[in-house]
Amino acid sequence: MHTRHSRRWTSCLLSLAVLGASAGCGADRETTPGPRTDHDATPAAHSDAAEQAAGKTALAAYSGYLKASRAASERSDPTHPALARFVADPLLTRVRLAIREAKEHGAMRTGTLVSDPTVVSVSLDADPPTVEIQDCLDATGYRLVYAKDRRVVPGTGGGRYLATATATRYPDGRWLVNAGAAHQEQPC
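Position 165, counted from 1, in the sequence shown is what numbering that gives the first Met the number 0 calls 164; the numbers after and before it change by one each time, with no gaps.
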């Protein structure tokens, strides 16, 4: 029984490293307005420059998300303020939950997560506008360890695998990552 429970939280935490697991509640919860939904807006043709600018901004949000989640995981702080600057729900809640579960089990993340993201598609005419991102994450040096003695948590080995994310433009103009998944069965 202990092994099954340990594997469950270990797999949940492992997905945090790749984009897909986080969770969050907490007294300090920030609310982010939902994605833009202009139902009466007429689709407009967007220039390549506008799409490139959106892609660049979305990649910056994605990079900020990875950096913020690493910082929050290293400190075992699910309410780390940088998370809400780059991540929106439902992903924000999943990330916060994974960090909180690791903390409850006496674990934390250490090491380096190497990222090489690319923009797969830009949909400025979508409601709300979105950018799809694909990444080859290298988590070989990014470990889940017990905070007490820095021993690696069994079954949490890294590797190189595909991760995907969606960045969405919100009414205030910010691009936030609100969806993500690790595809550990797909090496890159």
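C-beta: ideal position from N, C-alpha, C; glycine also. Keep in mind that this is a model prediction, so the values were computed, not measured.
- Among the bridge pairs identified by DSSP, Leu143 is matched with Arg108.
- Taking C-alpha positions only, Ala181 is separated from Tyr160 by approximately 7 Å.
- Pairing Ala146 with Thr165 gives a Cβ-Cβ distance that is not under 8 Å.
- Rounded to whole angstroms, the gap between the alpha carbons of Gly110 and Ala60 is 21 Å.
- The residue from Ile98, Gly105 and Val121 with its alpha-carbon nearest to that of Ala67 is Ile98.
- Taking a C-beta distance under 8 Å as the contact criterion, Leu58 and Pro116 qualify as a contact pair.
- Taking the CA atoms as reference points, Arg95 sits about 20 Å from Leu136.
- By the Cβ-count criterion, Gln51 is exposed, with fewer than 16 other Cβ atoms from all chains shown falling within 10 Å of its own Cβ.
- In the three-state scheme derived from DSSP, where H, G and I count as helix and E and B as strand, Gln185 is classed as coil.
- Between Ser75 and Met107, the gap from beta carbon to beta carbon is short of 8 Å.
- For Arg168, there is no enclosing alpha helix (DSSP H); the residue is part of the beta strand (DSSP E) that begins and ends at Arg159 to Arg168.
- Thr163 and Asp134 have their C-alpha atoms some 6 Å from each other.
- Taking the C-beta atoms as reference points, Arg168 is found nearer than 8 Å to Pro127.
- Ser122 and Ala101 have their C-alpha atoms some 35 Å from each other.
- Residue state for Leu123 is assigned as coil, using DSSP reduced to three classes.
- Proximity to Leu91 across Ala138, His45, Asp148 and Ala71 peaks at Ala71, based on C-alpha coordinates.
- Its chain contains Tyr160 as the residues whose beta carbon lies nearer than 8 Å to that of Glu184, once the 5 sequence neighbours on both sides are disregarded; these appear in chain order.
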